[in-house]
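Below: one structure, written as structure tokens.
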Amino acid sequence: MIANTKTCCNCKIEKDINMFNKAIANKDGRNGTCKICRAKYKKEYRQINKIEIAEKKKEFYNDNKEIISEKSKKSYIKNRVSILEYQSNYSKENKKLIAIRRKKYYEINKDIFAEKSKIHYKNNKVILAEKGVIYRKNNKVSIAIRRKNNREINKELINERKRNWYQLNKETVIKSVDKYRGSHKTQCNIVSERYRTRKKLLLSTLTFRQWEDIKKHFNNRCAYCNKELPLAQEHFIPLSKGGEYTAKNVIPSCKSCNSSKGNREFGIWFVKQKFYSKIREKIILKFLGYNNETQQLKII
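So for the sequence shown, the working numbering puts the first residue at -10; every next one is plus one.
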């Protein structure tokens, strides 16, 4: 008669016969140690002999690469639905664990990943560029949010990198800045004027395009003396007297008129000049939206 129970030779506990693996060599047809004890032993053995097991597996795989690949393909095709279902459930239940594993694996194999990505980029440069353009168009908001969050989280690190990069490339930066300022004098002047106006807590909205339109309106000549000379941005109401840096308070002026007027009021200064013209006075006031010495249009 076959016994329904058996005592484990390791933990010495009497257990159900099904708790022991089958073993043909033994009289009762079951292993001497229970499944739990065998599992513990195997786990301990794997931990102690981790490197040896890994090397053996690697050797076996290299020797039987094609057979293993063929078997795994057949197995995947046969059990595709159940495999995908299992993978989906596992990834949902173990999100954090998977993320930690991936991070560890990336840190260990950082150089390999970098090399692979370089090769992949070289071979697929055009396709990746096209994909990047499409992705950025479709995900503008999410990209902006991610960048903002990244800047906030890594603020100190980013600033440190910028400082280090500047110290290493100081001379080239200074040269490129000087070059840019030389070829974009007007744009740089607008930026500095905006900054100066904002410091005084005044409205500052003049753009490069607006300045170009203002010059065209006065035929690229000085609004005061009508001479065709290098033009400066003249604050009709001086900055010191609350004059804003806007399209309704800036007119083109030659350097001579600009320095001559200074902080004086237009009505008092312009009348005393040799080049005074009633017609030009009306043109200036009309452009700025003045009627009976009061500006009718809202400053923008």
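Ideal Cβ positions, reconstructed from N, Cα and C, are used throughout, including at glycine.
Here K189 carries a coil assignment [DSSP, helix/strand/coil]. Only residues of its own chain outside the window of five on either side were considered, and among them Y213, Y265, E270 have a CB closer than 7 Å to the CB of F259, listed in chain order.
Looking at the backbone, the Cα of I56 and that of V162 are separated by about 59 Å. Residue pairing from DSSP places T(-4) in a beta bridge opposite E3. For A88, the enclosing alpha helix (DSSP H) has its first and last residue at 84 to 97. The alpha-carbon of A28 is positioned some 10 Å away from that of T22. One alpha carbon belongs to N113, the other to N53, and they sit about 33 Å apart.
Shown here, H206 sits in a helix according to DSSP, grouped into three states. Non-local C-beta neighbours of S193 in its own chain, meaning closer than 6 Å and more than five positions away in sequence, comprise R183, T186, R187, Y234, ordered along the chain. For C243, the CB contacts under 8 Å within the same chain, skipping 5 residues up- and downstream, are C211, Y213, C214, K216, L218, P219, L220, A221 in chain order.
Burial of I240 is indicated by the presence of at least 16 other C-beta atoms within 10 angstroms of its C-beta. A residue is called buried once 16 or more other Cβ atoms fall within 10 Å of its Cβ, and N78, having fewer, is exposed.
Inclusion of F225 and F255 in the CB contact set at 8 Å is warranted, their separation being smaller than that value. Cβ-Cβ separation between W200 and T175: approximately 7 Å, consistent with a contact (criterion under 8 Å). The DSSP-derived three-state label of C214 is coil. Under the DSSP assignment, L220 falls in the beta strand (DSSP E) whose first and last residues are 220 to 224. Counting of Cβ neighbours within 10 angstroms places L146 among the exposed residues, the total staying below 16. By the Cβ neighbour-count rule, N127 is exposed, with fewer than 16 other Cβ atoms within 10 Å of its own. Annotation: I56 is outside any beta strand (DSSP E); the continuous alpha helix (DSSP H) that includes it extends over 54 to 67. In the DSSP assignment, C243 falls within the beta strand (DSSP E) that extends over 239 to 243.
Closest option to I203, judged by alpha-carbon separation, among R91, E223, L190: E223.
For C26 against N(-1), the beta-carbon gap comes to about 4 Å, under 8 Å, which counts as contact.
For S172, the enclosing alpha helix (DSSP H) starts and ends at 159 to 172. In this structure K32 does not touch F9 by the C-beta definition: roughly 18 Å separates them, more than the 8 Å allowed.
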